[in-house]
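Student:
Residue numbers (our numbering), protein chains in the order written: chain S, 1195 to 1485; chain D, 218 to 436.
Below, the structure written as structure tokens:
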């Protein structure tokens, strides 16, 4: 499903959550929506899902989404389960809502995921732990099989094994049923391998939209003897560095030219891809007064 | 139709079960009271004219406050939901007024057998219209509070005016202020005023909720 956002602005009183944002997603990929707290991620996804009336244009496959029945049928946004479930409802009843109201709902798959995440069907949503509620949100999102599925911080409260089970389930389901999936997360490195394209926003504005691999190639991790690393990185933009004894590792932002590759080889330095998370921090935190 | 079917199947069933339990409780209480004093009023009328309308008001609140965001989260539009909720309120009011009417029939039989006296009660149409308007006003107030927060309090006097007209035709439910005789002067024509009140509540709900945002809720 193609997503087109043009001049989108969302305000809460005096606060501008999304400020004249424009971008397009070609669809059928897993997108990472990255941003710091309060950057406007949830507001943006709320507009994409028709939860809020947008000022500007939000179109899915060329159709406006807000109060458009055909377009809204194609979308599922999960913000910590709370929208799709009432705390007094039993988990089994929450799944009934999906089965009753979503044409694309896959109930056997929903039950399979409920078992995978060990969510008790007879418990009320309000009695579940935070991690279980998040897992229930993942169940609702994935079992909806919506052409545009958005998961907003769906890992909250999940323990590590559950998070990994979530990532596996997400990738397996995406391979079997390709669609447009947008995930917002702060655990960037855990999800980095799943993301095909990254959208970074900050202060309600689009900072960057790039293929994840292209973005990674914007920086280099330089590892070797501390003195050699220091010499090599002098004059370059160093995002972060770590030292262990006489070894040092530095994250450098920006491409390297042929001469720098030759010099690195001469110094015996190892060059590797940079962590997405370090790039994100650099792009959303002003360093030396500029991004 | 999917929204209407789910609301009707689940909530009407729930409300009917609650009403049936309430009826049993009223009859038991009436027998207990008869041990201390003569029974001179209909316990079911007290429940039907005083308590039931608040129950329908709650049902209206529940539908908009709890179920509308869930419907939107499952890809339904506000327009679809509000149409379904309006239909649901009619079905619920019909079901509850019929239950009240059946309750009066059964209670009347018990009172006759026991030699007790009961005060008069309203017509089934009067109960239907009262329940209908109270449910619709519940939806209107819930939409106003959900959309405008504390400023939703301004919906309360509007809601009060709308529900006030519906109780006039039901003994024990309350009279109109300033013009208490007007309903009896207008006779069955007074029901039209309740229909207008229902239309007003539905229109108000529509105006407030048609582009209402779904806010982040915490559990």
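All C-beta atoms in this analysis are idealised placements derived from N, C-alpha and C, irrespective of residue type, glycine included.
Under the three-state reduction of DSSP, which class applies to residue 426 (chain D): helix, strand or coil?
Tutor: Residue 426 (chain D): helix per DSSP, three-state reduction.
Student: If residue 408 (chain D) sits next to residue 354 (chain D), beta carbons under 8 Å apart, how far is it from one beta carbon to the other, in whole angstroms?
Tutor: Their Cβ separation, rounded to whole angstroms, is 17 Å, which puts residue 408 (chain D) and residue 354 (chain D) out of contact at 8 Å.
Student: Got a sec: is the Cβ-Cβ distance from residue 1285 (chain S) to anything in chain D below 8 Å?
Tutor: Output row for residue 1285 (chain S): interface = no.
Student: Taking the alpha-carbon of residue 1201 (chain S) as reference, which of S:1243, S:1301, S:1244, S:1251 has the nearest alpha-carbon?
Tutor: The shortest Cα separation from residue 1201 (chain S) among S:1243, S:1301, S:1244, S:1251 belongs to S:1251.
Student: On the DSSP letters alone, give me the boundaries of the alpha helix (DSSP H) that residue 327 (chain D) sits inside.
Tutor: First-last of the alpha helix (DSSP H) with residue 327 (chain D): 295-331.
Student: Kindly indicate if chain S contains any beta-carbon less than 8 Å away from that of residue 363 (chain D).
Tutor: So, not an interface residue.
Student: For the stretch 239-272 of chain D, which residues have a beta carbon sitting closer than 9 Å to at least one beta carbon of chain S?
Tutor: Against chain S - using a Cβ distance shorter than 9 Å - the stretch 239-272 of chain D contributes no residues.
Student: If I measure Cβ to Cβ from residue 308 (chain D) and keep anything under 7 Å in the same chain, skipping five residues before and after, which residues do I get?
Tutor: Hits under 7 Å: 225, 229.
Student: Hey, out of S:1204, S:1389, S:1336, S:1220, whose CA is closest to residue 1227 (chain S)'s CA?
Tutor: Selected option, being the one with the closest Cα: S:1389.
Student: Mind pulling the alpha helix (DSSP H) runs of 4 or more residues that sit fully within the stretch 1388-1414 of chain S?
Tutor: As far as the stretch 1388-1414 of chain S is concerned, its whole alpha helix (DSSP H) runs of at least 4 residues are 1406-1410.
Student: In angstroms, rounded to a whole number, what distance separates the CA positions of residue 421 (chain D) and residue 300 (chain D)?
Tutor: Between residue 421 (chain D) and residue 300 (chain D), the C-alpha separation is close to 13 Å.
Student: Note the first and the last residue of the continuous beta strand (DSSP E) segment covering residue 1471 (chain S).
Tutor: Where residue 1471 (chain S) is concerned, there is no enclosing beta strand (DSSP E), although the alpha helix (DSSP H) it sits in stretches over 1470-1478.
Student: Taking DSSP as the reference, what is the three-state secondary structure of residue 1368 (chain S)?
Tutor: Residue 1368 (chain S) falls in the helix class under three-state DSSP.
Student: Terminal residues of the continuous beta strand (DSSP E) containing residue 1442 (chain S)?
Tutor: It spans 1441-1447 - the beta strand (DSSP E) in which residue 1442 (chain S) sits, taken as one unbroken run.
Student: Candidates S:1443, S:1222, S:1265: which alpha carbon is nearest residue 1421 (chain S)'s?
Tutor: Looking at the Cα atoms, S:1443 is the closest of the given residues.
Student: Quick one, which residues of the stretch 1238-1264 of chain S are near chain D if we go by CB-CB under 9 Å, in chain order?
Tutor: Answer set for the stretch 1238-1264 of chain S: 1240, 1243, 1244, 1245, 1246, 1247, 1260, 1261, 1262, 1263.
Student: Take the Cβ of residue 1291 (chain S) as the centre, count every other Cβ of all protein chains shown within 10 Å, and call the residue buried at 16 or more, exposed below.
Tutor: It is buried - the Cβ of residue 1291 (chain S) has at least 16 other Cβ atoms within 10 Å.
Student: Taking residue 1278 (chain S) as the query, report the chain D residues whose CB atoms sit under 7 Å from its CB, ordered along the chain.
Tutor: Going along chain D in sequence order, the residues near residue 1278 (chain S) (Cβ under 7 Å) are 287, 290, 291.
Student: From this set, S:1213, S:1324, S:1294, which residue's C-alpha is nearest residue 219 (chain D)'s C-alpha?
Tutor: Cα-wise, what sits closest to residue 219 (chain D) is S:1294.
Student: Entirely within the stretch 1213-1293 of chain S and at least 3 residues each: give me those beta strand (DSSP E) ranges in chain order.
Tutor: You should have 1224-1228, 1249-1254, 1269-1273.
Student: Which residue marks the beginning of the alpha helix (DSSP H) containing residue 1330 (chain S), and which one marks its end?
Tutor: Where residue 1330 (chain S) is concerned, the enclosing alpha helix (DSSP H) stretches over 1324-1337.
Student: Under 7 Å Cβ to Cβ from residue 349 (chain D), same chain only, skipping five residues before and after it: list those, please.
Tutor: Excluding residues within five positions, the ones whose Cβ falls inside 7 Å are 306, 307, 310, 415.
Student: Does residue 1210 (chain S) come out as helix, strand or coil in the three-state DSSP assignment?
Tutor: Residue 1210 (chain S): strand per DSSP, three-state reduction.
Student: Quick check: is the beta carbon of residue 431 (chain D) nearer than 8 Å to any beta carbon in chain S?
Tutor: Chain S contact via Cβ: present.
Student: Spatial neighbours of residue 1181 (chain S) within its chain, please: CB distance less than 7 Å, with the 5 preceding and 5 following residues excluded, ordered by chain position.
Tutor: Examination of residue 1181 (chain S) is not possible in this model, given that chain S is present from 1195 through 1485 alone.
Student: Which chain S residues are close to residue 219 (chain D), counting only those with a beta carbon under 7 Å from its beta carbon?
Tutor: Per Cβ cutoff of 7 Å: 1294, 1295.
Student: Identify the continuous alpha helix (DSSP H) that holds residue 481 (chain D) and give its terminal residues.
Tutor: Since the first residue of chain D shown is 218 and the last is 436, residue 481 (chain D) is not available in this structure.
Student: Using the DSSP secondary-structure output, state which residues sit across from residue 1321 (chain S) in a beta bridge.
Tutor: BP columns for residue 1321 (chain S) are empty, so no partner.
Student: Helix, strand or coil for residue 378 (chain D) per DSSP?
Tutor: In this structure, residue 378 (chain D) counts as helix in the three-state DSSP scheme.
Student: Counting only beta-carbon separations shorter than 8 Å, does residue 1483 (chain S) have a partner in chain D?
Tutor: Reliability of the predicted coordinates at residue 1483 (chain S) is poor, the pLDDT of 43 falling under 50, and the value obtained from them is presented with this limitation in mind. So, not an interface residue.
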